[in-house]
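Residue numbers (our numbering): 299 to 391.
Spelled out as structure tokens, the structure:
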């Protein structure tokens with residue numbers, strides 16, 4: 299399983315507040331170690347890797363998590379608590 303966190307940088311160059319909050323929750327709950335990669339969706343650069351992933355998976359919210367497992371379609375989570383319940387909790391069990 300490969301987990302990617304996509305977080306946003308706003309047009310004014312500041313980090314997305316919700317992204318910062320979710321990243322802090324991941325850190326507080328010792329879940330950040332389960333994230334394989336963090337990619338930035340930079341509103342100032344329409345070709346940024348995070349915006350490309352958002353377009354590819356038709357996501358218009360940040361942060362989001364992309365969960366990839368061999369032989370399966372990637373799953374996208376835009377809600378932290380649902381992501382924890384369905385992906386991270388089973389990994390920790």
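Yeah, the Cβ is synthetic: ideal placement off N, Cα and C, and Gly gets one too.
It should be emphasised that the depicted structure is a prediction, and the values quoted were computed from it without experimental measurement.
Separation of residue j from residue i, as counted between CA atoms
| i | j | result |
| --- | --- | --- |
| residue 421 | residue 336 | The shown model of the chain, from 299 to 391, leaves out residue 421, and the question about it has no answer. |
| residue 402 | residue 319 | Absent from the model: residue 402. The displayed extent of the chain is 299 to 391, so no value can be given. |
| residue 314 | residue 341 | 10 Å |
| residue 305 | residue 354 | 15 Å |
| residue 303 | residue 312 | 18 Å |
| residue 385 | residue 339 | 22 Å |
Delimiting residues of the beta strand (DSSP E) encompassing residue i
| i | result |
| --- | --- |
| residue 374 | 373-375 |
Reference residue i, options the options, closest by Cα
| i | options | result |
| --- | --- | --- |
| residue 388 | 346, 306, 369 and 332 | 332 |
| residue 310 | 300, 378, 371 and 343 | 343 |
| residue 301 | 356, 366 and 326 | 366 |
Element boundaries [alpha helix (DSSP H), containing residue i]
| i | result |
| --- | --- |
| residue 380 | 378-381 |
| residue 386 | Per DSSP, residue 386 belongs to no alpha helix (DSSP H) and is neither H nor E. |
Check your understanding: What runs of the beta strand (DSSP E), each 3 residues or longer, lie entirely inside the region 302-369?
Key -> 335-340 and 362-366
Check your understanding: Can you find at least 3 beta carbon pairs, one from the region 349-366 and one from the region 375-386, that sit closer than 8 Å?
Key -> yes
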